[in-house]
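At position 77 of the sequence shown the residue is numbered 109 (the working numbering), and the sequence of numbers has no breaks. We put the CB at the ideal spot given by N, CA and C, even for glycine. For clarity, every value in this text was computed on a predicted model and none was experimentally measured. First the structure, in the form of structure tokens, and then the observations on it.
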Amino acid sequence: MPEIKFDSHPGLQKEWERVREKKPLAGFDVTKYTLEEPSDASGLDAASWEKSIKIAQMQLEYQKEKLMENLQLLEKFGSNAWRKHNDGLDAIAESFDNDLKEVQAKTQAINRKRMNDQQRSYEKLNSLKEQALELQMKNYIMTVGGERKEERCGDT
Numbered sequence: 033m034p035e036i037k038f039d040s041h042p043g044l045q046k047e048w049e050r051v052r053e054k055k056p057l058a059g060f061d062v063t064k065y066t067l068e069e070p071s072d073a074s075g076l077d078a079a080s081w082e083k084s085i086k087i088a089q090m091q092l093e094y095q096k097e098k099l100m101e102n103l104q105l106l107e108k109f110g111s112n113a114w115r116k117h118n119d120g121l122d123a124i125a126e127s128f129d130n131d132l133k134e135v136q137a138k139t140q141a142i143n144r145k146r147m148n149d150q151q152r153s154y155e156k157l158n159s160l161k162e163q164a165l166e167l168q169m170k171n172y173i174m175t176v177g178g179e180r181k182e183e184r185c186g187d188t
């Protein structure tokens with residue numbers, strides 16, 4: 033890999049080193065969201081409990097602020113996002129409808145061709161059947177005629 037310098041950006045430099053070394057991305061640090069009660073030794077100490085309560089209140093306030101920000105963003109951009117999402121769904125549905133119509137048209141064309149082929153085959157089979165019957169009839173007439181001539185020739 034080429035050597036790229038991020039001297040003025042230590043965070044980018046650290047990340048670039050991680051990528052170059054092909055190390056996986058570290059997961060989210062969720063320790064700041066956990067609430068722990070004071071340990072056994074300080075569990076009886078009121079100050080440690082007050083500290084835990086303050087941390088819990090601070091986290092609750094932070095979550096409340098994030099919720100308010102998210103609600104404001106949703107109020108500001110949410111309806112447009114849903115409209116765009118619905119427009120996208122409508123476009124997908126229209127595309128599927130067009131694809132369906134195209135497939136139905138192709139199916140109909142194939143069925144028409146098949147029906148025409150079957151009709152032509154039916155007509156050809158009927159014609160061949162009639163020819164076979166005519167030939168059988170001629171063969172029968174010739175056989176009967178030949179037998180009669182043999183009888184006449186044998187009689188004379």
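Coil, strand or helix - residue i by DSSP
i: residue 41; result: coil
i: residue 60; result: coil
i: residue 71; result: coil
i: residue 55; result: coil
i: residue 76; result: coil
i: residue 175; result: helix
i: residue 66; result: coil
Same chain, Cβ closer than 8 Å to residue i, five either side skipped, listed in chain order
i: residue 65; result: 91
i: residue 88; result: 67
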